[in-house]
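Counting in our numbering, the sequence shown runs from 2 upward without gaps.
Notes follow the structure.
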Amino acid sequence: MGSWVSYRYADDCMLFAKSERAARRILESTTRFIEKKLFLKANLDKTSVGKLGYDTKFLGFEFRNTKDGWTTVLHKKSRKKFVEKMRTILTRRCPKGIEKTRNTYNTFLRGWYQYFKPCISKSTMKTEEQWIRRRICQILIVAWKRNYTCYKNLLGYTKGKQEERCRMVAFSHLGKWAKAKHSNYILTNKLLHRELGWQCVADLVEGYTVQDQYFV
Numbered sequence: 002m003g004s005w006v007s008y009r010y011a012d013d014c015m016l017f018a019k020s021e022r023a024a025r026r027i028l029e030s031t032t033r034f035i036e037k038k039l040f041l042k043a044n045l046d047k048t049s050v051g052k053l054g055y056d057t058k059f060l061g062f063e064f065r066n067t068k069d070g071w072t073t074v075l076h077k078k079s080r081k082k083f084v085e086k087m088r089t090i091l092t093r094r095c096p097k098g099i100e101k102t103r104n105t106y107n108t109f110l111r112g113w114y115q116y117f118k119p120c121i122s123k124s125t126m127k128t129e130e131q132w133i134r135r136r137i138c139q140i141l142i143v144a145w146k147r148n149y150t151c152y153k154n155l156l157g158y159t160k161g162k163q164e165e166r167c168r169m170v171a172f173s174h175l176g177k178w179a180k181a182k183h184s185n186y187i188l189t190n191k192l193l194h195r196e197l198g199w200q201c202v203a204d205l206v207e208g209y210t211v212q213d214q215y216f217v
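Listed below in structure tokens is the structure:
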């Protein structure tokens, strides 16, 4: 193999060399081998020589040079795709029902976490998780429909300890998305994730996995 290293997954492959000159030489010889020996067509539009850095994307990861050496982090495009997927699953009207939506959400989140686990910590997805919790709160509030039903359910979750706050959220003239923001003080992280069964990345990092046996 010489002074270069290769990494491959399915049809994605990266070859690492110590210099640009060596990289170009490796690219030429590899392309020649693929086309002349294997009789395959190399996709030159997706093949290039570049310096390893923030713009380098491989299997959803990007590479960063730290004081401890090179490491992988979640690529910005992977983060964007994650948000788009969450937006699709956690739709406001929840047409599939809360239970099925929650199970779909949990299944996707667990699979996503297992794939990106090497570069995920409790704080990696902090901003996205705050947004997700608000989406979940919105789903619940929309499902309750009537303000009085919303009030009774919120009050039940607090065991009657935040009557004034529950009333303020339920009977306000705010839209559902705005109500979801203010309901964070009632529908806490512990309630949503540990009691109502909505998985979160922080819990997965700690090794806690909810069971899809909950009813709302």
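Just so you know, even glycine gets a beta-carbon here, dropped at the ideal spot from N, CA and C.
The model shown is predicted, which means the values in this text are computed figures rather than measured ones.
As for any alpha helix (DSSP H) of minimum length 4 sitting wholly inside the region 165-209, the runs are 177-183 and 202-206, ordered along the chain. Per DSSP, the unbroken beta strand (DSSP E) holding leucine 16 starts and ends at 13-17.
For leucine 45, there is no enclosing beta strand (DSSP E), as DSSP marks it with neither H nor E.
Per DSSP, tryptophan 71 is one residue of the beta strand (DSSP E) stretching across 70-75.
Aspartate 13 has its alpha-carbon roughly 26 Å from the corresponding atom of serine 122. When DSSP states are grouped into helix, strand and coil, serine 7 belongs to the strand group. In its chain, beyond the 5 residues on either side, Arg134, Ile137 and Trp199 have a beta carbon closer than 7 Å to the beta carbon of leucine 193. Secondary structure of threonine 67 (DSSP, three-state): strand.
For serine 49 against glycine 61, the beta-carbon gap comes to about 18 Å, at or over 8 Å, which does not count as contact. If you look at glycine 157, you'll find it in the alpha helix (DSSP H) that goes 148-158. In the three-state reduction of the DSSP assignment, phenylalanine 40 falls in the coil class, being assigned neither a helical nor a strand state. Each residue's CA atom was taken as its position, placing arginine 93 and histidine 76 some 27 Å apart. Annotation: tyrosine 209 to arginine 195 spans about 9 Å, alpha carbon to alpha carbon.
Residue state for lysine 97 is assigned as coil, using DSSP reduced to three classes. Judged by beta-carbon spacing, lysine 177 lies beyond the 8 Å limit of glutamine 131, meaning their Cβ atoms are not closer than that value. Here serine 173 has no same chain residue with a Cβ atom under 6 Å from its own Cβ, once five neighbours each way along the sequence are excluded. No residue range can be given for glutamine 212, since it is assigned to no alpha helix (DSSP H) and is classified by DSSP as neither H nor E. For lysine 58, the secondary structure class from DSSP, reduced to helix, strand or coil, is strand.
For lysine 127, the enclosing alpha helix (DSSP H) stretches over residues 127-145.
A distance below 8 Å between beta-carbons, with the five flanking residues on each side excluded, links phenylalanine 117 to the following residues of its chain, in chain order: Gly61, Phe62, Leu75 and Ser79. With 16 or more neighbouring CB atoms inside 10 Å of its own CB, asparagine 107 falls in the buried class. In this model, phenylalanine 34 and tryptophan 71 are separated by some 30 Å (Cα to Cα). A distance of 8 Å or more separates the beta carbons of isoleucine 142 and alanine 179.
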